[in-house]
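Asks: Below is the structure I would like to discuss, written out as structure tokens.
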Amino acid sequence: MDKLDSRDARKIIHTLSGPLFIFVWPLFSHALGARVFATIVPFLNGIRLFVAGTGTERVGSDTAKSNKNGQKAYNKSNEKTGIEVDLANAISRSGDAKEALQGPFVYVIVLLCCTFFFWVDTPIGIVAVATMAVGDGLADLMGRRFGATNKWPFNKRKSIAGSSAFVIGSVVGSFGLLSWLIWNGSMDPLPYDSLDLVRRLFVIAVVCAGVELAPVVDDNYSVPIAAGILSAFLLN
């Protein structure tokens, strides 16, 4: 069996992490402090990413020290930084640990904000996370496989296949998570039937796909912000 490509592995993690986190929200109570307790998950992950992204100089200096003082010092350094280094390597494209402070760090900040400020009181945070995670993740996975011959003329880094996957993934991810939370009683029903909800989610997804195409904007934060703003207008 062929080994999974590292970029594919990162995007699969990107696609599934947020939705899986929201999927277990029904395990939390309806108490006021439940959202605060839930934010511990992205908060701790944010700390780990910060340590991973800022630990390269410390790793380099410890390694230099070990060359002078012997193998024992090197092993001690590894005990302190090995997990963080492995994390940085797993989530960075080039192996540069500082990449942990870019897209991955923004990802957990969005999760934290959507959990704390929106929770299950409104669909805003859920749609923002689903669009950022499923939409953007599938856009990259499908775009690299099926987008070589259908690039957008104004942005050669993006493809029609990727944008289509973005829209489909965003709609399916948002609808699935909202339906799940409503079905198990964690969230109050929305005042729309299923078809109307899908139509509204489709509009949000199409606009966010356009935002994702903008070459001058970082889609790590522009996509969830756009999804949240549109959800506030179309789903509240």
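Everything in the sequence shown is counted per the numbering used here, starting at 336 for the first residue and increasing by one. Where a beta carbon is used, it is the ideal one built from N, C-alpha and C, also for glycine.
Could you check the C-alpha separation between Ser-524 and Gly-482 for me, to the nearest Å?
Replies: Note that residue 524 is Pro in the sequence shown, not Ser. As the crow flies, the alpha-carbon of Pro-524 is around 38 angstroms from that of Gly-482.
Asks: Can you give the beta carbon distance from Val-538 to Val-546, rounded, assuming they're within the 8 angstroms contact cut?
Replies: Between Val-546 and Val-538 the Cβ distance is about 13 angstroms, and since that is not below 8 angstroms, they are no contact.
Asks: Distance, Cα to Cα, Leu-532 vs Phe-568?
Replies: 13 angstroms
Asks: Would a C-beta distance cut-off of 8 angstroms place Ala-474 and Val-445 closer than the cut-off?
Replies: The Cβ-Cβ distance between Ala-474 and Val-445 does not fall below 8 angstroms.
Asks: Between the Cα of Ser-352 and those of Ala-369, Pro-377, His-365 and Pro-526, spot the shortest distance and give me the residue it belongs to.
Replies: It is Pro-377.
Asks: Helix, strand or coil: how does DSSP classify Asn-606 here?
Replies: Only positions 336 to 571 of the chain appear in the structure, and residue 606 is not among them; the question remains open.
Asks: Closer than 6 angstroms by C-beta to Gly-438: which residues in its own chain qualify, once you throw out the five before and the five after it? Chain order, please.
Replies: Asn-555
Asks: Ordered along the chain, which non-local residues of its own chain (more than five positions away) have a Cβ less than 6 angstroms from that of Gly-563?
Replies: Ile-459 and Ala-463
Asks: Drop a sphere of 10 angstroms on the beta-carbon of Ile-382, count the other beta-carbons inside from all chains shown, and report buried for 16 or more, exposed for fewer.
Replies: That one is exposed.
Asks: The alpha helix (DSSP H) with Thr-374 in it runs from where to where?
Replies: Careful: Thr-374 lies outside any alpha helix (DSSP H) and carries neither H nor E.
Asks: Tell me which residue opens and which closes the alpha helix (DSSP H) that Met-477 is part of.
Replies: 471–481
Asks: Is the beta carbon of Thr-450 closer than 8 angstroms to that of Thr-374?
Replies: yes
Asks: Tell me whether His-365 sits in a helix, a strand or coil according to DSSP, three-state version.
Replies: Here His-365 sits in coil by DSSP.
Asks: Quick check on Pro-458: does DSSP put it in helix, strand or coil?
Replies: coil
Asks: Could you give the C-beta distance for Gly-504 and Gly-478, rounded to a whole number, given that I count them as a contact under 8 angstroms?
Replies: Going by Cβ atoms, the distance from Gly-504 to Gly-478 rounds to 11 angstroms, so no, they are not a contact pair.
Asks: Please check the pair Met-522 and Leu-530, which I expect to be a contact at CB under 8 angstroms, by giving their CB distance rounded to whole angstroms.
Replies: Contact doesn't hold; Cβ gap of about 19 angstroms is too wide.
Asks: On the CB-based measure, 16 or more other CB atoms within 10 Å of its CB, does Ala-500 come out buried or exposed?
Replies: Buried, by the Cβ-count rule.
Asks: Output the residue ranges of the alpha helix (DSSP H) runs that lie fully inside the stretch 481–560 and measure 4 residues or longer, sorted by chain position.
Replies: 495–518 and 529–548
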